[in-house]
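Notes follow once the structure below has been shown.
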Amino acid sequence: MTTLVALIGLPGAGKTELARAIAAETKWPIVDRDSFPRESLDDAAKAQATDAALAAARETLLQGTSCILDGMTLSSSQQRSRVRGIARECAAQAILVWLDCAVDVAIARVAAQADHPARDRSAALVREVAVRFEQPERDVLRLDALRATSELLGKLLPRL
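Per the working numbering, residue 7 is the first one in the sequence shown, and the count goes up by one each step.
As structure tokens, then:
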């Protein structure tokens with residue numbers, strides 16, 4: 007069975023670092039919304055990039071390859087439901103992983119990362135996402151974003 011791992015969390019929570027660690031262990035591709043070109047940073051451009059990333063994840067799963075979804079916060083239950091729907095449509099297992107991170111920690115991490123592919127990362131963005139972030143559902147694996155990536159990986163890999 008193929009698997010779609012979707013990472014949830016604030017900007018700066020460590021989703022990209024965990025995605026890279028999962029990919030290194032599993033050899034699964036990362037479908038990263040931040041890698042899809044955007045002409046602007048407005049909501050319409052972000053929605054277009056999200057649609058493209060989800061379509062790419064769907065195509066990857068339909069080809070029989072598991073993948074990791076990164077580059078979006080999946081802050082709403084509607085977004086997470088959409089991810090689950092794609093997995094169901096492709097007869098894949100969906101594993102949603104929430105990197106639970108305090109706002110102040112996420113802000114500090116964003117400030118320290120000048121090389122991240124998302125051009126709109128800022129303290130203001132972290133605060134904006136935090137305000138609208140809906141508590142993930144009970145089936146979402148909750149990991150403490152303060153833990154080392156190796157520890158997070160150790161908790162996640164047995165579920166894959």
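Note that the Cβ used here is the ideal one computed from N, Cα and C, for glycine as well.
*Would Ser82 be called buried (16 or more neighbouring beta carbons within 10 Å of its own) or exposed?*
exposed
*Express the C-alpha separation of Gln69 and Pro123 in angstroms, rounding to a whole number.*
27 angstroms
_Between which two residues does the beta strand (DSSP E) holding Arg148 run?_
Leu147 to Asp150
*So what does Ala12 bridge to, in DSSP terms?*
Leu75 and Leu102
*asked:* Taking the straight line between their C-alpha atoms, what separation do you get for Ser87 and Ala25?
replied: 20 angstroms
*Which value, in whole angstroms, describes the spacing of the CA atoms of Gly99 and Leu13?*
Just to set this straight, residue 99 is Gln in the shown sequence, not Gly. The straight-line gap from Cα to Cα measures roughly 14 angstroms.
*Identify every run of the alpha helix (DSSP H) within the region 11 to 68, keeping only runs that are complete inside it and at least 4 residues long; order them along the chain.*
21 to 32 and 49 to 68
*Give the DSSP-derived three-state secondary structure of Glu143 in the structure shown.*
coil
*Could you check which residue in Val103, Gly91, Leu149 and Arg133 has the C-alpha nearest to that of Val109?*
Arg133
*Within the same chain, show all residues whose beta-carbon is closer than 8 angstroms to that of Pro35, passing over the 5 residues directly before and after it, in chain order.*
Ala29, Thr66, Thr71, Cys73 and Ile74
_Spatial neighbours of Ala114 in its chain, beta-carbon cut-off 8 angstroms, leaving aside the 5 residues before and after_ = Gly18
_Tell me the residue span of the alpha helix (DSSP H) that contains Ser83._
Ser83 to Glu95
*What is the rounded straight-line gap between the Cα of Asp150 and the Cα of Ala50?*
31 angstroms
*Going by the CB atoms, is the gap between Leu162 and Val4 shorter than 8 angstroms?*
Since the first residue of the chain shown is 7 and the last is 166, residue 4 is not available in this structure.
_Where the alpha helix (DSSP H) containing Leu159 begins and where it ends_ = Thr155 to Leu162
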